[in-house]
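Trainee: Take a look at this one; I'll ask things after.
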Amino acid sequence: MSELRKSGYGFKVYLRNTLMQGKSAPKDVCRALAELQRLDGLEAIIITRGGGSLAELSCFDSALIAEKIAACPLPVLSGIGHEINITVTDLAAHTYAKTPTAIAQHLVTRVDEFLAKLNEQLERVIHETRATLTDYKQRLKDLAAGLQQGTTLFFKGHREQLIRSEEILKYKPLVLLSGRRNALAVHGTRVKRGARTLVARQHDRLKACKRIIEIAHPANTMRRGFSVTRTSTGKVVKSVRDVASREEIATELADGALSSRVEAVRKN
7 MSELRKSGYG FKVYLRNTLM QGKSAPKDVC RALAELQRLD GLEAIIITRG
57 GGSLAELSCF DSALIAEKIA ACPLPVLSGI GHEINITVTD LAAHTYAKTP
107 TAIAQHLVTR VDEFLAKLNE QLERVIHETR ATLTDYKQRL KDLAAGLQQG
157 TTLFFKGHRE QLIRSEEILK YKPLVLLSGR RNALAVHGTR VKRGARTLVA
207 RQHDRLKACK RIIEIAHPAN TMRRGFSVTR TSTGKVVKSV RDVASREEIA
257 TELADGALSS RVEAVRKN
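Heads up, the sequence shown is in this note's numbering, so the first residue is 7 and it goes up one at a time.
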């Protein structure tokens with residue numbers, strides 16, 4: 007229990023006392039397993055005791071306990087506390103260790119590894135999302151520049167046609183004027199429609215990128231109970247090897263930040 011408390015991860019532990027030696031122990035252990043696996047939110051079951059002689063631990067060679075462990079839908083861990091011998095219960099368990107302390111350290115290590123992977127994935131998502139947004143912004147900028155240039159050239163060409171048409175109007179004023187006006191109106195409508203469609207499409211893409219960044223933003227992840235710890239240089243702490251004793255560190259939470267000093271570094 008002290009190992010779990012020292013980790014700071016907030017493990018919630020349910021204790022179920024049971025016989026750990028003697029003829030009645032196997033059935034009592036099986037009853038305890040049946041009761042515990044019915045608890046809502048339970049993620050693992052640990053069978054543990056504070057050591058004992060080989061004769062006292064003989065009940066853990068029971069096939070009844072091994073069968074119950076095999077049928078349990080939750081992972082069952084064994085930390086019976088015998089440094090020399092391995093029991094049948096140890097072999098049937100998902101994980102076994104020589105002591106209860108070692109089992110607790112195993113659980114803390116698994117959480118450490120999970121959070122390290124989570125932080126790594128979070129950093130990767132943030133990096134890739136920013137790169138994607140930068141790329142889309144540049145594309146939109148290039149498209150806008152191309153649209154402006156194309157529109158300028160289009161109207162320049164039609165302005166030249168209009169000048170030529172003015173010369174022709176001297177000979178066929180009514181017919182040519184009507185035809186040129188209609189053609190110019192059609193072309194102008196097409197340009198406006200195409201421009202609106204292109205800008206709207208790129209705007210939708212930019213909004214989608216913005217939504218991705220908002221979802222992946224560290225602040226939203228922190229609201230779910232996670233935090234990010236950084237060294238004095240701003241580097242994300244992923245391992246105890248990233249910090250030194252007496253070093254100033256900063257922990258970012260959803261509603262603020264904490265500044266603290268490392269009193270000691272303990273490696274598992």
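Think of the CB as a built atom: it goes at the ideal place given N, C-alpha and C, for glycine as much as any other residue.
Given the structure is predicted, the values throughout are model-derived calculations rather than measurements.
One question on the structure: do I51 and I109 come within less than 8 Å of each other, judged by their Cβ atoms?
Mentor: No. Outside cutoff.
Trainee: Can you round the beta-carbon distance between I255 and T237 to whole angstroms, since I take them to be within the 8 Å contact cut?
Mentor: About 6 Å separates the two Cβ atoms, so the contact holds.
Trainee: Leaving aside the five residues before and after E62 along the sequence, list all residues of the same chain whose C-beta is less than 6 Å from its C-beta, in chain order.
Mentor: So the qualifying residues of the chain are Q27.
Trainee: With DSSP run on the structure shown, which of helix, strand or coil describes E258?
Mentor: In the structure shown, E258 sits in a strand (DSSP, three-state: E or B).
Trainee: Spell out the partners DSSP gives R211 in its beta bridges.
Mentor: Answer is none; R211 lacks a bridge partner.
Trainee: Using a 10 Å radius around the Cβ and a threshold of 16 neighbouring Cβ atoms, would you call T203 buried or exposed?
Mentor: Exposed, because fewer than 16 other Cβ atoms sit within 10 Å of the Cβ of T203.
Trainee: Would you call the CB atoms of G85 and T54 closer than 8 Å?
Mentor: Yes, the pair counts as a contact, with Cβ atoms nearer than the cut-off.
Trainee: A76 by DSSP, collapsed to three states: which one?
Mentor: Three-state DSSP puts A76 in a helix.
Trainee: When you compare only the Cα positions, how much space is there between V249 and V94?
Mentor: So the alpha carbons of these two residues sit roughly 42 Å apart.
Trainee: What do you reckon, are the CB atoms on L45 and Y15 nearer than 8 Å?
Mentor: Their beta carbons are not under 8 Å apart, which means L45 does not touch Y15 by this criterion.
Trainee: Excluding the five sequence neighbours on either side, which residues of its own chain have a C-beta within less than 6 Å of the C-beta of A31, listed in chain order?
Mentor: Taken in chain order, the residues that qualify are L25, C65.
Trainee: If I measure Cβ to Cβ from A270 and keep anything under 7 Å in the same chain, skipping five residues before and after, which residues do I get?
Mentor: Here the set comprises S251.
Trainee: Give the C-beta separation of G47 and P106 to the nearest angstrom, bearing in mind that I take them to be a contact with Cβ-Cβ under 8 Å.
Mentor: Contact flag wrong, Cβ pair sits at about 22 Å.
Trainee: Tell me the residue span of the beta strand (DSSP E) that contains I51.
Mentor: Run containing I51: 51-54, per the beta strand (DSSP E) assignment.
Trainee: Measuring alpha carbon to alpha carbon, tell me which of K33, G262, V246, A214 ends up nearest F232.
Mentor: Per the Cα distances, G262.
Trainee: CA-CA distance, V267 and E253?
Mentor: Note on identity: in this sequence residue 267 is Arg, with Val being the wrong assignment. Whole-angstrom Cα-Cα distance: 6 Å.
Trainee: Nearest by alpha-carbon distance to L113: which of S265, F17, V35 is it?
Mentor: When each option's Cα is compared against that of L113, the closest is F17.
Trainee: Please classify S265 as buried or exposed, where buried requires at least 16 other C-beta atoms within 10 Å of its C-beta.
Mentor: That one is exposed.
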